[in-house]
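Be aware that the sequence shown starts at 22, since it is given in the numbering used here, and climbs by one per residue.
Positions of the beta carbon are idealized from the N, C-alpha and C atoms, including for glycine.
Here's the structure we're looking at; comments come further down.
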Amino acid sequence: MDRELGSARTVLDKPDPCGHSPALDRVVPMRVLLLLLGILLPCSALAQGDPLGHSDRTASLYRDVLRLGADGDPLVPLSVLSNQDRVEISAPGGLRILGTGDGQVEFRVQGAVDVQAQDAKPAILQHYVVLAQAPDWDFDVLRQKRTLWKERGLAIKTVTSGATYSLKGRSFDTRQTLLCLDAIFADHAAAESTAQGLEQQFGEDLQTHAMVGQPPSATLVVKSGSGEVRAADVLWFESMGKGMLHVVGTRKGQRVERELPGRVYVVPSNDHGLEVVSEAALEQILEGVVASEIFHSAPEATLRAQAVAARTDMLAKVGTRHATDPFAICSEVHCQAYTGAGKVSARIAQAVQDTRGLVMVNVEGRLIDAYYHAVSGGHTENNELVWPGRPQEALRGVADLLPGGKDPLAAGATDEAVAALLAGKDESWAASSGLNGEACRWRTEKSAADIRESAQLAKSVQSMRVTQRGVSGRAIEIELTLVDGKKKKLSGELHIRKALGGSAGPKGLRSSLFLVKPGPLGADGAPQSWIFTGAGFGHGVGMDQTGAFGRAKAGQDFQQILQAYYKAVKIEKVY
């Protein structure tokens, strides 16, 4: 989120007499000639100085969230492998290993190299409790929230997250103002504990925020069959030919392979491992994102809609997440699901190319938060009912039904209306696709012991009642009554699913659009299990990806699909 460093760590000493950059500590003598990775390089080849200094370059990885390539297209640092014990990198035409990122200190090698970390030290982080947040421009909300928390007797510290950047002369601003408790916590647990106490006291859903005081450090050791090189904290790797980089990460004996465009850099992660970050054109990364997000067999209009939504969401998130990481976007669902370029089909590449530079903006010209999910269940959800924040006009919940389809939720999302939705014929666009039937309607049963463990309860649950639903019928608040009479409230769509065991696996809660009833009673008088009957998969905000498939089959183009799920938006080309 906030990408400013609390302090910079000095890595370099003075340059050696030969003019070498001290960022690289070679294991062979550095005199007139250097034998490194099987290549003879004259001392003068490394004599150029690094004008920024290595510590500045390392620090910049935590600040710089987007830069422009030679053609003006955005380049985005995206984490593709996290917390690896070791990393192997190769390319068909050989590798360039860069000590400064700009080619001033460069080595070339054929074949694969192995990268490991030595003498790793974790980052020093500063944690805050976030009382409220809003876009920098939303002065009214910020003023109201600041006044509210001051009247409650709390001191406020203001922190800024996000970034400003320009594409082809057009400026974008993703900055957010965070109103934080004026206290710095040394670890996440302490901040989280304080947040929970304030939640109970004031009935607010609070978050925590971390900033880097000092980034993690390590000596990176790069080995090939013919030599070794050491570097402090960061090295860049790029293909010398037109082929992709082949990157293999190993963590606890498990290998993960990626085919990546452009170049990558390797840095220490926060748990003594290695982070691999892909530094490539956003359009190239987008191909991998779309391939990971949508059916490869999807109609052309679906693929194009997914490309525009993913591009918009990626650019809208620049600088707002991963404040404590040396990248702007991760490859998980949290940001974008990305597994590399290896899975990209010609159809997906064409869909990205056909929509190049297209994004969705609201009536004020700002990028929208283009959320999407697998299956809505027949109705999408309002953004503010899933995550804290201001209601966004683009993210209003709407019925996602075929023409003429009956909407049981039209008069309100009561338990009775949800029961009618689940009992009736599924007339959603997702159902019409013929795909994801197990996500359109589902049933699962969870044991009392599992719920007690996942919700961190001292006693078994006697009763479970949905006390608030969103416009889609999703449970937004649930009250649990324990066998000892104590009550616990679960708030927020995602938090409810996590507390009740999560979404993964055959028994997972695919969404919070459900009805729940107790199973048989146990010896303690509490139900031994809980039976959930539900619809949809995911948070329900924005585009229903399976519904987009059904709409495209019916003849809708990608603009029609996007404007069905995102309200009051314009589709514009920004590069």
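Rounded to whole angstroms, what is the Cα-Cα separation between residue i and residue j?
| i | j | result |
| --- | --- | --- |
| Ser453 | Ser318 | 16 Å |
| Phe579 | Ala326 | 5 Å |
| Lys244 | Arg129 | 13 Å |
| Ala525 | Trp408 | 20 Å |
| Leu511 | Tyr587 | 28 Å |
| Arg531 | Met564 | 16 Å |
| Val268 | Val250 | 18 Å |
| Gln137 | Val396 | 41 Å |
| Ser493 | Ser533 | 10 Å |
| Arg173 | Gly218 | 14 Å |
| Leu583 | Val504 | 48 Å |
| Val595 | Ala575 | 29 Å |
| Ala13 | Phe316 | No statement about residue 13 is possible, as the shown extent of the chain runs from 22 to 596 and does not include it. |
| Leu521 | Ala479 | 15 Å |
| Ala252 | Met232 | 25 Å |
| Pro282 | Leu266 | 6 Å |
| Ser65 | Val126 | Note on Ser65: pLDDT 27, under 50, position unreliable in the model; the coordinate value appears next. Cα to Cα, Ser65 sits roughly 11 Å from Val126. |
| Ala460 | Gly399 | 11 Å |
| Glu280 | Glu109 | 12 Å |
| Val329 | Val382 | 11 Å |
| Phe258 | Thr121 | 11 Å |
| Ala438 | Arg490 | 11 Å |
| Ala585 | Ala573 | 12 Å |
| Ser182 | Gln477 | 32 Å |
Alpha helix (DSSP H) containing residue i: first to last residue?
| i | result |
| --- | --- |
| Phe558 | Per DSSP, Phe558 belongs to no alpha helix (DSSP H) and is neither H nor E. |
| Ile517 | 514 to 520 |
| Arg368 | 367 to 375 |
| Glu474 | 469 to 475 |
| Arg572 | 566 to 574 |
| Ala460 | 458 to 461 |
So, is residue i buried or exposed, given that buried needs 16 or more other C-beta atoms within 10 angstroms?
| i | result |
| --- | --- |
| Lys508 | exposed |
| Lys338 | buried |
| Arg486 | exposed |
| Glu353 | exposed |
| Gly418 | buried |
| Val384 | exposed |
| Asp545 | exposed |
| Glu308 | buried |
| Ser290 | buried |
| Leu542 | exposed |
| Pro412 | exposed |
| Ser238 | buried |
| Arg506 | The question names Arg, but residue 506 is Gly in the sequence shown. Gly506 comes out exposed. |
| Ala112 | buried |
| Ala451 | buried |
| Gln275 | exposed |
| Thr13 | Since the first residue shown for the chain is 22 and the last is 596, residue 13 is missing from the structure and cannot be characterised. |
| Ser299 | buried |
| Trp551 | buried |
| Trp463 | buried |
| Val590 | buried |
| Glu254 | First, the amino acid is wrong: residue 254 is Asp here, not Glu. Buried. |
| His148 | buried |
| Phe160 | exposed |
On the DSSP letters alone, give me the boundaries of the beta strand (DSSP E) that residue i sits inside.
| i | result |
| --- | --- |
| Asp447 | Element bounds for Asp447: n/a, residue is neither H nor E. |
| Cys201 | 197 to 202 |
| Ile389 | Per DSSP, Ile389 belongs to no beta strand (DSSP E) and is neither H nor E. |
| Tyr586 | Where Tyr586 is concerned, there is no enclosing beta strand (DSSP E), although the alpha helix (DSSP H) it sits in stretches over 579 to 586. |
| Ala91 | Taken as a continuous stretch (DSSP letters only), Ala91 belongs to no beta strand (DSSP E), as it is neither H nor E. |
| Tyr286 | 284 to 289 |
| Ser187 | 185 to 188 |
| Pro539 | 535 to 539 |
| Leu281 | 275 to 281 |
Report whether the distance from the Cβ of residue i to the nearest heavy atom of the ligand GTP is below 6 Å.
| i | result |
| --- | --- |
| Thr168 | Summarising the ligand content, the structure contains no ligands, and the ligand GTP is consequently not present. |
- Message: Just to confirm the assignment: which complete beta strand (DSSP E) runs, minimum length 3, are found wholly within the segment 306 to 349?
- Response: Within the segment 306 to 349, there are no complete beta strand (DSSP E) runs of at least 3 residues.
- Task: Jot down the residue ranges of each uninterrupted beta strand (DSSP E) in the segment 205 to 268, minimum 3 residues, whole runs only, in chain order.
- Result: Along the length of the segment 205 to 268, whole beta strand (DSSP E) runs at least 3 residues long occupy 228 to 235, 238 to 245, 248 to 253, 256 to 260, reported in chain order.
- Could you say if the segment 165 to 175 and the segment 254 to 264 meet the contact criterion of at least three C-beta pairs nearer than 8 Å? no
- Task: Answer yes if the segment 417 to 426 comes into contact with the segment 367 to 387, meaning at least three C-beta pairs across the two stretches below 8 Å, and no otherwise.
- Result: no
- Item | Segment contact flag, the segment 170 to 190 with the segment 84 to 93, C-beta cutoff 8 Å, min 3 pairs | Taking a contact to require three or more Cβ pairs closer than 8 Å, the segment 170 to 190 and the segment 84 to 93 qualify as touching.
- the segment 103 to 117 in contact with the segment 130 to 137 per 3-pair CB rule at 8 Å: yes
- Tell me the start and end of each unbroken beta strand (DSSP E) in the segment 96 to 183 that is at least 3 residues and wholly inside, in chain order. 107 to 111, 116 to 119, 127 to 130, 134 to 142, 145 to 156, 177 to 182
- Contact between the segment 152 to 167 and the segment 299 to 316 (3+ Cβ pairs under 8 Å): With a cut-off of 8 Å, the segment 299 to 316 and the segment 152 to 167 do not count as touching, because too few Cβ pairs lie within range.
- Please confirm if the segment 192 to 208 is in contact with the segment 96 to 103, defined as three or more CB-CB distances below 8 Å between the two stretches. no
- Check whether the segment 559 to 576 touches the segment 440 to 448, taking contact to mean three or more Cβ pairs, one atom from each stretch, closer than 8 Å. no
- Which parts of the segment 471 to 512 are runs of the beta strand (DSSP E), unbroken and 3 residues or longer, counting only runs that do not cross its ends? 482 to 490, 496 to 503, 508 to 512
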